[in-house]
Amino acid sequence: MLHVLETTRLQLRPCRRMDDAILLHTLCTNDRVRHFLFDNRTISLDEARSFVEDSGTNFAEYGYGLWLIFARVNIKRFTGFAGCLPSKAEIPSLIYGIHPDYWGRGYATEAADAVLKYMLETLNLPVVKADADEPNLASVRVLEKIGMVKTGNAVVNDKPLVYFERSHPAIAI
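Numbered per full-length UniProt numbering, the sequence shown spans residues 1 to 173.
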């Protein structure tokens with residue numbers, strides 16, 4: 001079952017329809033967004049379609065994927081995406097991106113928190129991880145605000161990254 005997540009100001013709808021690829025592609029090719037999400041690489045529409053296809057597969061297999069974010073005051077207005085990606089380490093990785101027109105409004109924090117709570121409380125997963133480009137201070141602050149704990153740093157593809165995790169509340173750290 002695919003879950004629509006709702007917060008006070010946002011509605012998060014599972015990303016699984018092929019027309020969702022156009023929304024993702026438009027967001028992810030924005031210069032200011034792709035700078036941190038794709039190491040400044042422009043993704044193709046086919047890659048965006050692949051993200052949507054993978055999201056649908058992940059929802060079916062794991063119960064999570066990517067959600068498209070819409071401001072509740074205008075449900076037709078796409079503001080970004082948030083979700084989790086499976087990893088080889090079997091610890092899902094939180095990811096999000098907000099259109100620059102909506103930066104500074106707390107939408108990333110609100111959406112990331114909704115996804116994290118879904119992962120830990122609804123799916124009852126033991127831990128969720130995330131990473132952010134170290135220079136992306138806004139993204140680092142989002143992860144800190146939602147209670148994720150810094151676990152380390154690394155340089156990947158010549159980019160400094162900060163790693164975070166958050167455990168299920170019932171698991172002692």
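No residue lacks a Cβ here, since even glycine has one placed at the ideal position from N, Cα and C.
Ranked by Cα distance from glycine 106, the options Gly80, Ser87, Lys88, Leu94 are led by Gly80. Along the length of the UniProt domain "N-acetyltransferase" (22-169), whole beta strand (DSSP E) runs at least 3 residues long occupy 66-71, 78-85, 93-98, 127-133, 149-156, 159-167, reported in chain order. With contacts defined by Cβ atoms closer than 8 Å, alanine 132 and leucine 12 do not form a contacting pair.
Sixteen is the threshold: when 16 or more other Cβ atoms of the shown chains lie within 10 Å of the Cβ of threonine 109, as they do, the residue is buried. If you draw a straight line from the Cα of asparagine 58 to the Cα of serine 50, it comes to about 12 Å. Within its own chain, the residues whose Cβ lies closer than 6 Å to the Cβ of valine 127, once the five positions on either side in sequence are excluded, are Ile91, Glu165, Ser167, listed in chain order. Contact between asparagine 40 and arginine 34 holds, since their C-beta atoms are separated by about 6 Å, short of 8 Å. With a cutoff of 8 Å on beta-carbon distance, leucine 85 and isoleucine 69 are scored as not near each other. Between glycine 83 and valine 115, the C-beta spacing is below 8 Å. Boundaries of the beta strand (DSSP E) around arginine 13: 10-14.
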